[in-house]
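Take a look at the structure below.
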Amino acid sequence: MKSNKKKFLLFLSSISTIGVFGSVVSCSAPNSSKQIDTSKEELVESSDSFPIYSNEKLIYSDNKISNDEFLTIRMQNAKLSFDDKESKYTLFARGIKTDSGKRVKYHKAISLLEERINKFLNEKYANKIQLAKPAGNKIFVDESKSTGLPKEVTIGLNGQVVTLKLAGAQKHLNLGNLGKKGVSHDDQYLAQSISSIKTLYSFKYNAFLNDKLIKSLEHLNIEYSHDTPLKPMLKDLPINSDESNFKATNISFTNEKFGSRGFRATVIDVSDGDTVTVTANETKQVGTVKIDQGKSYKIRLAGIDTPEKAVGNNKSGSITSPAFEYSFALHATKFAETLLGNGSKFGQDVFIGFVNGQDTYGRITADVFFGENYKYSYNTEIVRAGHSLPYKNQTW
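Read in order, the letters of the sequence shown correspond to residues -22 to -1, 1 to 374 in mature numbering (1 follows the signal peptide of the UniProt record, and there is no 0).
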């Protein structure tokens, strides 16, 4: 196992800071847009230097939103200006490039503006969304097949008619306590029998004026949460270890080019889905690693990363992984045990191939090949079976 943190099935959104406008902003625009009435707008945010006005008091009643009105909102002391160089609009304010204090106030006002627009979007549309049913035992759905989610929304921004267009969706899980590390071993099993899990969808919108992007508004979203049934439960997920699903690699280890890069061995222990211990069946120099017949070696499978039973390191060593991750770690381990463990069909005779030295824990990093003439790659098959992900540069 490795020490870096992993997140799974998770879709994590990263919020970027709005940068200082680096190009010259022009007041010219490709087309003149339709003007809207701003006379009903009232002060809603007394943001320093950039107060925000809106008609939202007219369209919200008893915490309910009227379908007959649309939002108009205005950030004072900023104007929608067209950037000829980038062919995009921006809410431009004088002095923000040279005055750092004013720039901070500007960014704060932009965030408040986005919050107000998001409030409108979510109160008007979030409760109308109907997600499609998940395919098979998948947790997330194809949002393009859902209903009630608007592809376009019209609002008024600084006196102009602006169109918010659906740009995509990000998805992640709200694991709650099931996502906490360092729990007791008994608590690690709690996710095995849960019948549903909360899924979170963030539907992103981009703002356009005259079909040109308004680059100042980057965080417009409709947020939607949904309890997704888990069928089957995690404890009942099948282990996909049927040999009929395996595909031969066409690598011949009788060829010195490949045979010299590994050694024959017997698997004597399975730690988890990506770590096994073997006894060498031959004495051999493999690259920088000296292999002695009869000696045991721990193998860290190269190119893959499976869910962990324990993660990270603290002063006393590793800590228990979250319950949700642990459930999938059990599946990856079971896959390894079924194929390579004691009493398995293939574990008595494997080839540790493409040895790539040793890691910081002294484990040999390599691939494991099994079956007749070692024609199957364990590293490939555990990914194909869905119990692991390809691993590169210590990131998912």
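Cβ coordinates follow ideal geometry from the N, Cα and C atoms, glycine included.
- Inside the stretch 203 to 281, DSSP marks whole alpha helix (DSSP H) runs of 4 or more residues at positions 234 to 237, from first to last along the chain.
- For Ser203, same chain residues with a beta-carbon under 8 angstroms away, outside a window of 5 residues either side, are Asn152, Lys176, Thr177, Leu178 and Tyr179 in chain order.
- The secondary-structure analysis by DSSP pairs His150 across a beta bridge with Leu178.
- Membership of Ser32 in any alpha helix (DSSP H) is not indicated; the residue belongs instead to the beta strand (DSSP E) covering Ile30 to Ser32.
- Lys66: not part of any alpha helix (DSSP H); member of the beta strand (DSSP E) spanning Lys66 to Phe70, first to last residue.
- When C-alpha distances from Arg362 are compared across Asp15, Asp220 and Tyr84, the shortest belongs to Asp220.
- Look at the beta carbons and you see the stretch 89 to 109 touching the stretch 189 to 200: at least three pairs across the two are nearer than 8 angstroms.
- DSSP, reduced to helix, strand and coil, places Asp61 within a strand of the structure shown.
- Taking the Cα positions, Phe332 is about 17 angstroms away from Asp283.
- His163 counts as exposed, since fewer than 16 other beta carbons sit within 10 angstroms of its beta carbon.
- Phe181 has its alpha-carbon roughly 24 angstroms from the corresponding atom of Leu58.
- Contact annotation: the stretch 66 to 85 touches the stretch 27 to 35, with at least three C-beta pairs closer than 8 angstroms.
- One Cα belongs to Asn136, the other to Ala104, and the distance between them is close to 25 angstroms.
- Taking a cut-off of 8 angstroms on C-beta distances, the stretch 311 to 329 touches the stretch 351 to 365, as three or more cross pairs fall below it.
- With fewer than 16 other beta carbons inside 10 angstroms of its own, Thr125 counts as exposed.
- Annotation for Glu303: no beta strand (DSSP E) segment contains it, though the alpha helix (DSSP H) segment containing it runs Ala301 to Leu318.
- By the criterion of at least three beta-carbon pairs nearer than 8 angstroms, the stretch 297 to 304 is in contact with the stretch 154 to 173.
- Taking C-beta atoms as the reference points, Val248 and Ala344 fail to come closer than 7 angstroms.
- Residue pairing from DSSP places Ala288 in a beta bridge opposite Thr298.
- If you check the CB distance, Tyr67 and Arg52 do not come in under 7 angstroms.
- Annotation: the continuous alpha helix (DSSP H) that includes Val82 extends over Ser78 to Tyr103.
- For Lys111, there are no CB contacts under 6 angstroms within the same chain when 5 residues up- and downstream are skipped.
- A contact is defined here as three or more CB-CB pairs under 8 angstroms, and the stretch 256 to 272 fails this definition with respect to the stretch 218 to 235.
- In the DSSP assignment, Arg362 falls outside any beta strand (DSSP E) and lies within the alpha helix (DSSP H) extending over Tyr356 to Arg362.
- Counting C-beta atoms within 10 angstroms of its own C-beta, Gly251 has 16 or more neighbours from the protein chains shown and is therefore classed as buried.
- Note on Leu21: under 16 other CB atoms within 10 angstroms of its CB, so exposed under the neighbour-count rule.
- In this structure Val140 is buried. Its beta-carbon is surrounded by 16 or more other beta-carbon atoms within 10 angstroms.
- With a 10 Å radius around the Cβ and a threshold of 16 neighbouring Cβ atoms, Asp15 comes out exposed.
- In this chain, the beta strand (DSSP E) harbouring Leu135 covers Glu130 to Leu135.
- Counting only the Cα atoms, Asn199 lies some 51 angstroms from Val328.
- Counting only residues of its own chain and dropping the five nearest sequence neighbours on each side, Tyr183 has a CB closer than 8 angstroms to the CB of Leu99, Val131, Leu142, Lys143, Leu144, Ala145, Leu198, Asn199 and Ile200.
- The alpha-carbon separation between Pro216 and Leu168 amounts to approximately 18 angstroms.
- By the 16-neighbour rule on beta-carbons within 10 angstroms, Gln263 is exposed.
- For Lys149 and Phe118, the gap between their C-alpha atoms comes out near 8 angstroms.
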